[in-house]
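For reference, the structure is listed below as structure tokens.
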Amino acid sequence: MTDFQIGAFPERACSNLVKIRERHPLIHNITNFVVMNFTANVLLALGASPVMAHAPEEMEEMVGLSNALVINIGTLSSPWVESMEKAATAAANRSIPIVFDPVGAGATRFRTETARKLIHLARPSIIRGNASEILALAGQGTRTRGVDSANSTNEAASAALRLAREIGSVVAVTGAEDFVTDGTVSVTIGNGHPLMGRITGTGCSATAIMGAFNAVEPDAFTAAACALVAFGIAGELAALSNPGPGTFQPLLLDRLDALRPSLLMERMQVRPS
Amino acid sequence: MTDFQIGAFPERACSNLVKIRERHPLIHNITNFVVMNFTANVLLALGASPVMAHAPEEMEEMVGLSNALVINIGTLSSPWVESMEKAATAAANRSIPIVFDPVGAGATRFRTETARKLIHLARPSIIRGNASEILALAGQGTRTRGVDSANSTNEAASAALRLAREIGSVVAVTGAEDFVTDGTVSVTIGNGHPLMGRITGTGCSATAIMGAFNAVEPDAFTAAACALVAFGIAGELAALSNPGPGTFQPLLLDRLDALRPSLLMERMQVRPS
Amino acid sequence: MTDFQIGAFPERACSNLVKIRERHPLIHNITNFVVMNFTANVLLALGASPVMAHAPEEMEEMVGLSNALVINIGTLSSPWVESMEKAATAAANRSIPIVFDPVGAGATRFRTETARKLIHLARPSIIRGNASEILALAGQGTRTRGVDSANSTNEAASAALRLAREIGSVVAVTGAEDFVTDGTVSVTIGNGHPLMGRITGTGCSATAIMGAFNAVEPDAFTAAACALVAFGIAGELAALSNPGPGTFQPLLLDRLDALRPSLLMERMQVRPS
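Chains as they are written, first to last, in the numbering used here: chain U, 1 to 273; chain Z, 274 to 546; chain P, 547 to 819.
Below is the structure:
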């Protein structure tokens, strides 16, 4: 169970951010084609070191070099599932944290079933999805509409609790507000900005950032909350100049790079849920 | 045959833009690795909802959720052709409009033959290519030089007419000026800016935007013209500050997001051809 | 052996830049998913014409249309290795220059062995890597940490000399300073900016730019040095306004597009090594 304490969290989030900048943890991503470039740049801006690799021949070795494994099923296909399974098994054997993003679960049977199979195999430390994806993973989905959520975070809260208990994972439901639970302790995070939903890959980036925090912070619940606070604040700061969605994207990377503990302290919005 | 009327077009283009913003049509893209991120951001900026998926196992279900299917052969390989065929068949069975982009047709036999096979199978509502690609599809190509056109729009006009009649598709040839024909009615569109040719993925984006318009506008000819006008005007507006090609790209997304019916009315350049 | 003369180099670099803008050489890239979009935009900004294609069915024809072939193993998998081999063989048969980027060599056996196999088959005119990758290729690697270098350029200099002699290639080691050698003649290049290491794909872009220069400049040593000078100067100019890494990326493309011979003459830093 998490040792999360709301009073100690701000300090701990700051300290974890500093650790990422000092250690440059290597984050192995098996992710989708749409967001690979942006995810790599997000991780670099945060201070982590990304690697994208998916060949089954090198999964075990690459995972062995990594400090966290991020699996994202956004542009899923059978040969990649094989690599995801190999990587997940290797990470589990070495106690390397796994963060899982069930992009589009609920949209098609292939996605829902693959996602369910992978979380049962990988027992990720964190599962992050939008409300529709988490509802689908908890077996409670109406059909997701593509990869965008058709449900609100609130609607998925009880499904998240159930899923967290079933898998033994921390579950994060992201949306206008974010909800993080390990099945017992839960928090709501208010950071972020609507522009983050106007560009592709912010959900996937949040997942990758969870990997970076989980690489330096063994408590997965704390790591998930740190990631959502850090990324949400970078988004708020990037939105200050009221950019369009196109110029928002590079600004988001700039703000992530310029994120300082003092900014986290000032702006974080975390409340028990 | 199209019910396009040049006098009614401006009003209709505006109304279609508003519909995309209201309905957020789901656009299923099977497209190339180079442009996936940009295409997704272009569709989001326009107001549509993109999904990129290519696993044969989920083609039928994903197409079934979608309001249009965009097939683009930019980084073609045999396993993806199988998925394109499955998706096209599923779309045809459900009367979901298909927009096709024959990237690099004419450059290699594999591309030309695959493109010809796919348009005969899919009977797309719209085919969009540069002059060299359309000449190649119409069986009249000299060899395309890679993925860039070696011919002008004018040179491809009669090939476009022939192809439109052969396949029963609307054919759009894009370049310095754009030409749209259904084999009987034809228009030339003067919107756009040379900077659009200095970044990768603008042709592919135009195709994807045609998918978004065709999702709300059943007349494929009108949808193709709407897309070229809307994207061209966004490009003109993004170029106003005389950016380099790097900063032009995010500005293009900003202008697409900020596009309003009044801007369409003011700037559209469509003439019978 | 290279006909490189340090006194004649500035003039020649300028003349090669002009040739790229006049001829728009077609550069065939078999590269990784993370950097495809950025690489294409880098080549376009420089004045070259990029094509990304990997289907084995079209390798021979596509290579036949191209003025240089760039092979990059960043997101390697077995089916792509087959295409790389076909493309390399076709390029060798037609004396089309091959530039090779051993991304992540040393990180896993699969990468190191594939890279070694490919350079023995392809005999690239240029091999560009970071210090860890070049050490690994020269059989002298400790394990690379993911895709980022754990070694300095200096540490890899003698390995680069050895590799250049073994394969008969020009070898470029890039880092804070860049080192180029053909095993006999060597230079150090001081252009560039630390921000180039804060975004993904700058190493891969340098390799692609070497392809563009090698397409117009038959002396591979000169081509490699031209590319590093040109890209490094664009990076310095983009960094002048002190951007974050997010806004640095589009600025880098702008500066590459705006690069003029006079800027090369003013800023290039090349010294015998």
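For glycine and all other residues, C-beta sits at the position ideal for the given N, C-alpha and C.
Could you say which of Z:Ile300, Z:Thr475, Z:Leu290 and Z:Leu410 lies nearest to Z:Leu600 if we only look at CA atoms? Lying outside 274 to 546, the shown extent of chain Z, residue 600 of chain Z is not represented and no answer is given.
Chain C beta carbons: is any one of them nearer than 8 Å to that of Z:Asn310? Absent here is chain C; the protein component of the structure consists of chains U, Z and P.
Scan the region 725-759 of chain P for residues whose Cβ lies nearer than 9 Å to a Cβ of chain Z and list them as they occur along the chain. Answer set for the region 725-759 of chain P: empty.
Any chain U beta carbon closer than 8 Å to P:Ala677: So, not an interface residue.
Indicate the three-state DSSP secondary structure (helix, strand or coil) for U:Leu259 in the structure shown. Note: U:Leu259 maps to coil in three-state DSSP.
Note the first and the last residue of the continuous alpha helix (DSSP H) segment covering P:His666. P:His666 -> alpha helix (DSSP H) spans Arg655 to Ala668.
If you reduce the DSSP assignment to three classes, tell me which class P:Ile619 lands in. It is coil, neither helix nor strand.
Please give me, in chain order, every unbroken run of the alpha helix (DSSP H) with length at least 4 that falls completely inside the region 305-384 of chain Z. Entirely contained in the region 305-384 of chain Z, the alpha helix (DSSP H) runs reaching 4 residues are, in chain order, 309-319, 332-338 and 351-366.
Assess, as a yes-or-no matter, whether the region 255-271 of chain U is touched by the region 276-283 of chain Z under the definition of 3 or more beta carbon pairs within less than 8 Å. The region 276-283 of chain Z makes no contact with the region 255-271 of chain U, as fewer than three CB pairs between them are under 8 Å.
Give the range of the beta strand (DSSP E) segment to which Z:Ser398 is assigned. Z:Ser398: not part of any beta strand (DSSP E); DSSP gives it neither H nor E.
Within chain U, the residues that P:Phe646 reaches when beta carbons sit closer than 8 Å: Under the 8 Å cutoff, chain U gives no residues; its nearest Cβ is about 18 Å from P:Phe646.
Measuring only the C-alpha atoms, how far is Z:Leu311 from P:Met582? It should be pointed out that residue 311 of chain Z corresponds to Phe in this sequence rather than to Leu. One C-alpha to the other measures close to 12 Å.
8 Å Cβ cutoff met for P:Val645 and P:Ala614: The Cβ-Cβ distance between P:Val645 and P:Ala614 falls below 8 Å.
Can you find at least 3 beta carbon pairs, one from the region 345-355 of chain Z and one from the region 313-321 of chain Z, that sit closer than 8 Å? Judged by Cβ distances under 8 Å, the region 345-355 of chain Z makes no contact with the region 313-321 of chain Z, as fewer than three pairs qualify.
Suppose the cutoff is 6 Å on Cβ atoms and the five residues either side in sequence are ignored; what does the same chain contact list for Z:Leu510 look like? Here the set comprises Arg528.
Would a C-beta distance cut-off of 8 Å place U:Thr31 and Z:Asn314 closer than the cut-off? No; because the gap between Cβ atoms is not below 8 Å, this pair is not in contact.
Which value, in whole angstroms, describes the spacing of the CA atoms of U:Lys19 and Z:Val489? Roughly 50 Å between the two C-alpha positions.
Are the CB atoms of U:Ile209 and U:Ala225 within a distance shorter than 8 Å? It is not a contact, given that the beta carbons lie outside the stated cut-off.
Let's see if you can read the secondary structure: which residues bound the beta strand (DSSP E) around U:Phe213? Judged by DSSP secondary structure, U:Phe213 falls outside any beta strand (DSSP E) and instead within the alpha helix (DSSP H) spanning Thr202 to Val216.
Provide the residue span of the alpha helix (DSSP H) that contains Z:Pro283, from first to last. Segment Phe282 to Arg296, the alpha helix (DSSP H) holding Z:Pro283.
Three-state secondary structure (DSSP) of P:Val726: In the three-state scheme derived from DSSP, where H, G and I count as helix and E and B as strand, P:Val726 is classed as strand.
Going by CA-CA distance only, name the one from P:Leu774, P:Thr753, P:Ala780 and P:Gly757 that's closest to P:Pro571. Among P:Leu774, P:Thr753, P:Ala780 and P:Gly757, the Cα nearest to that of P:Pro571 is on P:Gly757.
I'd like the span of the alpha helix (DSSP H) that includes U:Val270, first residue to last. Segment Val270 to Pro272 is the beta strand (DSSP E) holding U:Val270; no alpha helix (DSSP H) there.
Residue from Z:Pro518, Z:Val460, Z:Gly470 and Z:Ser478 whose Cα sits closest to the Cα of Z:Thr495: Cα-wise, what sits closest to Z:Thr495 is Z:Val460.
Per DSSP, what kind of secondary structure is U:Ile189 in: helix, strand or coil? The answer is strand: DSSP assigns U:Ile189 an E or B state.
What does DSSP give as the partner residue(s) for U:Ala172 in the beta ladder? Per DSSP, U:Arg128 and U:Val180.
Hey, is U:Pro50's beta-carbon within less than 8 Å of any beta-carbon in chain Z? So no, U:Pro50 is outside the interface.
How close, in whole Å, do the beta carbons of U:Thr207 and U:Asp101 come, if the pair is a contact with beta carbons under 8 Å? Contact holds; Cβ gap of about 4 Å.
Check each candidate in Z:Met538, Z:Glu334, Z:Asn464 and Z:Pro523 and name the one with the smallest Cα separation from U:Gly246. Closest by alpha carbon: Z:Pro523.
Cβ-Cβ separation, U:Leu121 to U:Ala88 (assumed contact under 8 Å), whole Å: That pair is a contact at about 6 Å.
Does any residue of chain P bring its CB to less than 8 Å from the CB of Z:Thr348? So, interface residue.
Near U:Asp182, what residues of its chain come up, given a Cβ to Cβ distance below 6 Å and the 5 sequence neighbours on each side ignored? Excluding five sequence positions before and after U:Asp182, the CB atoms of its chain that fall closer than 6 Å to its own CB belong to Thr2, Ala164, Val170 and Phe221, given in chain order.
Would you mind telling me which residues of chain P sit closer than 7 Å to U:Phe62, beta carbon to beta carbon, in chain order? Here residue 62 of chain U turns out to be Met, not Phe, going by the sequence shown. By Cβ distance, chain P contributes Ala653 and Thr654.
Element boundaries [alpha helix (DSSP H), containing U:Leu26]: Unbroken run through U:Leu26 is the beta strand (DSSP E), Leu26 to Ile30; no alpha helix (DSSP H).
Nearest candidate by alpha-carbon position, reference P:Ala696, set P:Leu810, P:Arg640, P:Gly652 and P:Gly714: Closest option to P:Ala696, Cα to Cα, is P:Gly652.
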